[in-house]
Amino acid sequence: MYNLVIKDLKIGIQPIFFVMPFLLGMLMLIPSWIYFIVPMYFFWISVPGIFGNFRAQNDLLFTTMMPVTKPDMVKARVFVIIILEMLHVGFAVIFGLIHDLVYSSMNITYYFFAPTMGFWGLCMVIMAIFNLVFLPMYYKTAYKYGGALGMAVAAAMIFAGIAQWLGIQIPTLFDVFNVSVADHLAVHALILIAGIAIFAIFTLIAYRVAAKRFLNVELL
């Protein structure tokens with residue numbers, strides 16, 4: 675599996691997609707923005723570009739010529755996706771911290787979620803939902819990704835939209851995320867831990883379902 679991961683990282687994925695997390699992370703410096711958009715650019719830009727490139731390179735046929743099993747093929751690809759997702763979230767967190775330092779002395783009014791620990795927990799849930807929908811659907815064929823991507827993006831955006839709407843409509847929730855964050859650090863920490871746990875569980879489920887479906891795919 676290790677060699678499959680290295681193959682994807684070195685020759686399967688174009689270098690620009692390793693730069694994108696850094697460039698997109700800088701969007702966190704925009705004051706009082708819709709910060710949910712930053713990690714979701716991974717779905718909108720990177721995933722279609724990466725999987726389109728895999729298909730153009732006929733990567734599936736190339737990989738099947740190697741002495742590897744189908745579950746290992748799925749596991750390696752899932753691991754690569756996780757690496758890219760964590761790069762996107764990681765750089766967003768870094769620039770989110772810089773955002774806090776830059777604007778700490780300014781009286782900024784947040785209409786949407788501020789970049790807090792709880793917010794990053796919600797971002798992990800968004801990634802988890804995407805993986806849970808995209809991976810099993812994609813590995814029905816391991817070739818066609820458009821429909822799976824559309825459904826996964828829709829599911830992730832629905833969750834983000836509902837979460838943000840609740841954060842605006844419910845004054846108590848709005849205060850927890852935007853006004854009195856320091857008074858609710860335990861809540862934010864709990865949301866972050868829960869988000870990481872959900873990401874791990876959903877991604878594991880997605881891998882197992884995807885690997886099972888891929889076993890039934892006829893490879894030419």
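The numbering of the sequence shown is our numbering, which starts it at 675 and goes up by one.
Positions of the beta carbon are idealized from the N, C-alpha and C atoms, including for glycine.
- With respect to the C-alpha of residue 682, the residue from 725, 705, 698, 696 having the closest C-alpha is 725.
- Burial of residue 790 is indicated by the presence of at least 16 other C-beta atoms within 10 angstroms of its C-beta.
- Relative to residue 690, the option among 840, 832, 723, 770 whose CA is nearest is 723.
- Closest in alpha carbon position to residue 802, among 782, 844, 755, 747, is 755.
- Counting only runs of 4+ residues, the alpha helix (DSSP H) found wholly inside the region 730 to 800 occupies 733 to 738, 744 to 777, in chain order.
- A Cβ-Cβ contact shorter than 8 Å links residue 866 with residue 795.
- Of 710, 706, 759, 744, the smallest CA-CA separation from residue 721 is found for 759.
- The residues 695, 696, 699, in chain order, have a CB closer than 6 Å to that of residue 765 in the same chain once the five nearest residues on each side in sequence are set aside.
- Residue environment: residue 884 is assigned as buried (16 or more neighbouring CB atoms within 10 Å of its CB, all protein chains considered).
- DSSP places residue 816 outside any alpha helix (DSSP H), giving it a letter other than H or E.
- Taking C-beta atoms as the reference points, residue 863 and residue 805 fail to come closer than 8 Å.
- Proximity to residue 838 across 735, 792, 781 peaks at 792, based on C-alpha coordinates.
- The alpha-carbon separation between residue 888 and residue 817 amounts to approximately 11 Å.
- Residue 774 sits exposed, since fewer than 16 C-beta atoms from the chains shown fall within 10 Å of its C-beta.
- Taking a C-beta distance under 8 Å as the contact criterion, residue 747 and residue 678 qualify as a contact pair.
- Only exposed fits residue 705, as fewer than 16 other CB atoms lie within 10 angstroms of its CB.
- In this structure, residue 727 keeps its C-beta atom at 8 Å or more from the C-beta atom of residue 788.
- For the 8 Å CB-CB criterion, residue 830 and residue 800 form a contact.
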